[in-house]
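Colleague:
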Amino acid sequence: MKHTLALAAALLATFSAHADSGRAMPAQVPKAYSQECAACHVAYPPGMLPAASWRRVMTGLDKHYGTDASLDPATVTQLSTWLQTHAGTYKRVSTEPPEDRITRSPWFERKHRQVDPAVWKLPSVKSPAQCAACHTGAEQGDFDDDRLRLPAGLSAQQQRAWRD
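Residues -19 to -1, 1 to 145 (mature numbering (1 follows the signal peptide of the UniProt record, and there is no 0)) make up the sequence shown, in order.
See below:
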């Protein structure tokens, strides 16, 4: 019985370590992921895309959304394995978004449908991929609506809409 309980506890711990955590950033983030990916945009929690999307992203780094984001083969292997392990499996990411863009996923578009298109072009925001411009916890995978900040440069009308 002791052996069975120990085995069950070990399996539970293993499952919990790799369980789909949704938008939250996993506890152990490879240094290369934080350094390389966050150099241009938020280092997105891997649960925000399904495994197939991450596979395509990592095999197309030489043409990563108009930029050459190539990495050495060892780093690609390390990050690909980590992304696959922690990829999203829950309902929100059950379908692969167009062009594997998080910002084109149905849930992202639904959550941001009331954002004035001009807001994405503000110097303090730059694009929908710059989550940290509004989401104070984006670096930790926290996109809670209760912790939003107004980006710099909003017009009075945009500020009123933001608060509604």
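Glycine included, C-beta positions come from ideal geometry on N, C-alpha and C.
1) Quick one: residues in its chain with C-beta nearer than 6 Å to the C-beta of PRO78, no 5 flanking neighbours on either side, listed in chain order?
2) Where do the N-terminal and C-terminal ends of the alpha helix (DSSP H) with GLN121 fall, by residue?
3) Distance check for GLU120 and ARG73, CA to CA, integer angstroms please.
4) Where does LEU129 sit, in a helix, a strand or coil, going by DSSP?
5) Got a sec, what are the start and stop residues for the alpha helix (DSSP H) TRP101 sits in?
6) Is the CB-CB distance between PRO27 and ALA55 below 8 Å?
7) Going by alpha carbons, who is nearest to ARG91 out of PRO109, SER105 and LYS102?
8) In terms of alpha-carbon separation, which member of ARG130, GLN111 and SER105 lies closest to THR117?
9) Using the C-alpha atoms, what's the distance from ASP49 back to CYS21?
10) Output the residue ranges of the alpha helix (DSSP H) runs that lie fully inside the stretch 18 to 62 and measure 4 residues or longer, sorted by chain position.
11) Look at VAL57 and MET39 and say whether their C-beta atoms are less than 8 Å apart.
12) DSSP state of ASP81, grouped into three classes?
13) Report the three-state DSSP secondary structure of CYS112 (helix, strand or coil).
14) Cα separation between LEU103 and HIS93?
15) For GLY134 and ARG128, what's the separation of their Cα atoms in angstroms?
16) If you compare alpha carbons, which of THR70, ARG144 and ALA113 is closest to PRO31?
17) On a CA-only basis, which of GLN139, GLU17 and LEU64 is nearest SER51? Give me that one, please.
Modeller: The structure says:
1) Residue 78 sits at position 97 when you count from the first residue of the sequence shown. Cβ within range, chain order: ARG85 and SER86.
2) For the purposes of this step, residue 121 is taken as the residue at position 140 of the sequence shown. GLN121 -> no alpha helix (DSSP H), and no H or E assigned at all.
3) As a working note, residue 73 is residue 92 in the sequence shown. As a working note, residue 120 is residue 139 in the sequence shown. If you take the alpha carbons of ARG73 and GLU120, they lie about 20 Å apart.
4) Mapped onto the sequence shown, residue 129 falls at position 148. DSSP places LEU129 in strand when its eight states are reduced to three.
5) Here residue 101 refers to the residue found at position 120 of the sequence shown. Here TRP101 belongs to no alpha helix (DSSP H), and DSSP marks it neither H nor E.
6) In the sequence shown, the residue the question calls residue 27 occupies position 46. In the sequence shown, the residue the question calls residue 55 occupies position 74. No, the Cβ-Cβ distance between PRO27 and ALA55 is not below 8 Å.
7) If you number the sequence shown from 1, residue 91 lands on position 110. Residue PRO109 is the option with its Cα nearest to ARG91.
8) Mapped onto the sequence shown, residue 117 falls at position 136. It is ARG130 whose Cα lies nearest to the Cα of THR117.
9) Working through the sequence shown from its first residue, we reach residue 21 at position 40. Working through the sequence shown from its first residue, we reach residue 49 at position 68. Between CYS21 and ASP49, the alpha-carbon positions lie close to 12 Å from each other.
10) 32 to 40
11) As a first step, residue 57 is located in the sequence shown; it is residue number 76 there, counting from the start. As a first step, residue 39 is located in the sequence shown; it is residue number 58 there, counting from the start. Result yes, Cβ atoms of VAL57 and MET39 sit closer than 8 Å.
12) By 1-based counting over the sequence shown, the position of residue 81 is 100. Helix, per DSSP.
13) Residue 112 sits at position 131 when you count from the first residue of the sequence shown. Reduced to three states, the DSSP call for CYS112 is helix.
14) One-based indexing of the sequence shown puts residue 103 at position 122. One-based indexing of the sequence shown puts residue 93 at position 112. In a straight line, the C-alpha of LEU103 is about 16 Å away from that of HIS93.
15) By 1-based counting over the sequence shown, the position of residue 134 is 153. By 1-based counting over the sequence shown, the position of residue 128 is 147. For GLY134 and ARG128, the distance between alpha carbons rounds to 19 Å.
16) Taking the sequence shown and counting its residues from 1, the one referred to as residue 31 is at position 50. Looking from the CA of PRO31, the closest CA among THR70, ARG144 and ALA113 belongs to THR70.
17) Walking along the sequence shown from the start, residue 51 turns up at place 70. Residue GLU17 is the option with its Cα nearest to SER51.
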